[in-house]
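Undergrad:
In my numbering, the protein residues as written are 8 to 129.
1. From residue 27 to residue 21, what does the alpha carbon distance come to, in whole angstroms?
2. Report the three-state DSSP secondary structure of residue 66 (helix, strand or coil).
3. Quick one: Cα of residue 98 to Cα of residue 34, how far?
4. Just the C-alpha distance for residue 45 and residue 103, rounded to the nearest angstrom, thanks.
5. Grouping DSSP H, G and I as helix and E and B as strand, with all else coil, what is residue 50?
6. How many Å lie between residue 125 and residue 81 at the Cα?
7. Which residue or residues does DSSP assign as beta-bridge partners of residue 71?
8. Per DSSP, what kind of secondary structure is residue 23 in: helix, strand or coil?
9. Look up residue 80 in the DSSP assignment and say whether it is helix, strand or coil.
10. Identify which residue in 83, 43, 39, 110 has its Cα closest to the Cα of residue 62.
11. Beta-carbon separation of residue 108 and residue 36 under 8 angstroms?
12. Flag this pair as yes or no: are the beta carbons of residue 53 and residue 25 separated by less than 8 angstroms?
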């Protein structure tokens, strides 16, 4: 008769493999995060009149304005163009970031926290 309760003989090995996979995934994520942080993402607005560059760390690293867009009588338009270009550059960075994380996790549940029941990412 089979024994009730406890673990079957194979469970500790499976848990060990899961932990190894999780550690490997964590290492890959750290490497990809460093790679992402070294990249820059640029977007424009107003037909190229405003150009904004952000880093993978979500920091604005450069803003370039065409002389014709600098109108003291219309500061609001310039503000809107800067905001639009910044948001687009951040969206580009987020898209690449999500792609990298999906690559590392193998698309498990759409990313971290959705792989297995209980929110385990591996």
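Where a beta carbon is used, it is the ideal one built from N, C-alpha and C, also for glycine.
TA: Here's the rundown:
1. The residue labelled residue 27 in the question sits at position 20 within the chain shown. The residue labelled residue 21 in the question sits at position 14 within the chain shown. In a straight line, the C-alpha of residue 27 is about 10 angstroms away from that of residue 21.
2. Residue 66 sits at position 59 when you count from the first residue of the chain shown. Residue 66: coil per DSSP, three-state reduction.
3. To locate residue 98, count along the chain shown from 1; it is residue 91. To locate residue 34, count along the chain shown from 1; it is residue 27. For residue 98 and residue 34, the distance between alpha carbons rounds to 25 angstroms.
4. Numbered from 1 along the chain shown, position 38 holds the residue referred to as residue 45. Numbered from 1 along the chain shown, position 96 holds the residue referred to as residue 103. Residue 45 and residue 103: Cα-Cα distance of roughly 12 angstroms.
5. Residue numbering aside, residue 50 sits at position 43 when the chain shown is read from its first letter. In this structure, residue 50 counts as strand in the three-state DSSP scheme.
6. On the chain shown, residue 125 is found 118 positions in, with the first residue counted as 1. On the chain shown, residue 81 is found 74 positions in, with the first residue counted as 1. Its pLDDT being 46, under 50, residue 125 is placed unreliably by the model, and the measurement read from it follows with that caveat. Each residue's alpha carbon lies about 53 angstroms from the other.
7. Sequence index remark: in the chain shown, residue 71 carries index 64 (1-based). The partner list for residue 71 (beta bridge, DSSP) reads 58.
8. Numbered from its first residue, the chain shown carries residue 23 at position 16. Of the three classes helix, strand and coil, the one that applies to residue 23 here is helix, per DSSP.
9. The sequence position of residue 80 within the chain shown is 73, counting from 1. Residue 80 falls in the coil class under three-state DSSP.
10. In the chain shown, the residue the question calls residue 62 occupies position 55. Comparing Cα-Cα distances from residue 62 to each of 83, 43, 39, 110, the minimum goes to 43.
11. To locate residue 108, count along the chain shown from 1; it is residue 101. To locate residue 36, count along the chain shown from 1; it is residue 29. Yes.
12. What you label residue 53 is simply residue 46 of the chain shown in a count that begins at 1. What you label residue 25 is simply residue 18 of the chain shown in a count that begins at 1. Taking 8 angstroms as the Cβ cut-off, residue 53 and residue 25 do not qualify as a contacting pair.
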